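In my numbering, the protein residues as written are 2 to 215.
Just so you know, even glycine gets a beta-carbon here, dropped at the ideal spot from N, CA and C.
All of these numbers come straight from a predicted model, not from anything done at the bench.
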């Protein structure tokens with residue numbers, strides 16, 4: 002059984018290379034706890050909360066329409082839609098703040114992104130279930146950069162075949178998590194519900210969407 006609790010190194014920042022992958026095999030995940038630590042980082046959450054056009058999507062479970070346990074929004078260059086979990090997302094143009102965060106993530110990853118999926122976790126009852134980011138619009142081994150602002154939440158991985166292989170970490174305000182290599186092929190990830198008295202959190206996952214084909 003492989004089970005790891007990852008403790009963040011508070012000295013890491015945008016100029017520090019990740020020392021090793023947090024996954025034991027079949028993928029690469031790197032965590033930068035102090036990725037976005039410019040002046041006013043504690044105001045970033047509030048600006049995102051009020052400037053982003055949030056929406057309440059629905060999904061079908063056992064034939065019934067239910068609300069996603071979080072709010073979402075989709076921003077991208079261009080005008081192509083993006084579909085995940087049965088939801089068709091029509092892109093909005095990047096705000097100045099989103100573009101600034103995107104450029105910082107691109108610098109850290111040495112990778113260009115053209116889109117961002119945002120999730121607003123209003124309290125500990127909001128969550129994201131087990132899934133992989135393996136939509137057809139993403140490349141075979143996508144690089145996904147996930148920036149967090151606001152309250153700290155637990156983020157978990159579990160291997161698709163080796164069920165006892167699990168990794169858990171805390172994503173704090175201003176942190177950046179990078180998933181790359183074969184991660185989406187072999188691992189599921191989630192943000193579980195919590196009964197802790199936690200505040201709201203906004204997560205931005207930057208992606209490079211391929212728009213070729215239908």
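Legend entry - Cβ neighbours of residue 87 in the same chain (closer than 8 angstroms, five flanking residues each side left out): Here residue 87 corresponds to residue number 86 of the chain shown, with the count starting at 1. Cβ neighbours of residue 87 beyond the five flanking positions: 60 and 61.
Inset, instruction - Would you check if the distance between the CB atom of residue 169 and the CB atom of residue 184 is smaller than 8 angstroms? - result: Counting from one through the chain shown, the residue named residue 169 turns up at place 168. Counting from one through the chain shown, the residue named residue 184 turns up at place 183. It is not a contact, given that the beta carbons lie outside the stated cut-off.
Inset, instruction - Mark residue 97 as exposed unless 16 or more other C-beta atoms lie within 10 angstroms of its C-beta, in which case mark it buried. - result: Walking along the chain shown from the start, residue 97 turns up at place 96. Exposed is the call here.
Inset, instruction - Output the distance between the C-alpha atoms of residue 37 and residue 22, rounded to the nearest integer angstrom. - result: Counting from 1 along the chain shown, the entry for residue 37 is found at position 36. Counting from 1 along the chain shown, the entry for residue 22 is found at position 21. Approximately 20 angstroms, taken between the alpha carbons.
Legend entry - Spatial neighbours of residue 127 in its chain, beta-carbon cut-off 7 angstroms, leaving aside the 5 residues before and after: Position 126 of the chain shown holds residue 127. Contacts found: 70 and 71.
Inset, instruction - Note the first and the last residue of the continuous alpha helix (DSSP H) segment covering residue 95. - result: For the purposes of this step, residue 95 is taken as residue 94 along the chain shown, with counting starting at 1. Where residue 95 is concerned, there is no enclosing alpha helix (DSSP H), given that its DSSP letter is neither H nor E.
Inset, instruction - Using alpha carbons as the reference points, say which of 203, 193, 47 and 84 lies closest to residue 137. - result: Position 136 of the chain shown holds residue 137. Residue 137 has its Cα closest to that of 84, out of 203, 193, 47 and 84.
Legend entry - Nearest-angstrom Cα separation, counted from residue 135 out to residue 1: Here the chain covers residues 2 to 215 and nothing more, so residue 1 does not appear.
Legend entry - Nearest to residue 199 (by Cα), restricted to the options 49, 172 and 186: As a working mapping, residue 199 is identified with position 198 in the chain shown. Of the listed residues, the one whose Cα sits closest to residue 199 is 172.
Legend entry - Three or more C-beta pairs below 8 angstroms linking the stretch 110-117 and the stretch 47-60: no
Legend entry - Which residues DSSP lists as bridging residue 206, in chain order: As a working note, residue 206 is residue 205 in the chain shown. Per DSSP, 118 and 147.
Inset, instruction - Please name the residue in 47, 27, 28 and 29 whose C-alpha comes closest to that of residue 175. - result: Translated into the one-based positions of the chain shown, residue 175 becomes position 174. Among 47, 27, 28 and 29, the Cα nearest to that of residue 175 belongs to 47.
Legend entry - Local conformation of residue 187 per DSSP, three classes: By 1-based counting over the chain shown, the position of residue 187 is 186. Three-state DSSP puts residue 187 in a helix.
Legend entry - N- and C-terminal bounds of the alpha helix (DSSP H) containing residue 158: Walking along the chain shown from the start, residue 158 turns up at place 157. Here residue 158 belongs to no alpha helix (DSSP H); instead the beta strand (DSSP E) covers 154-160.
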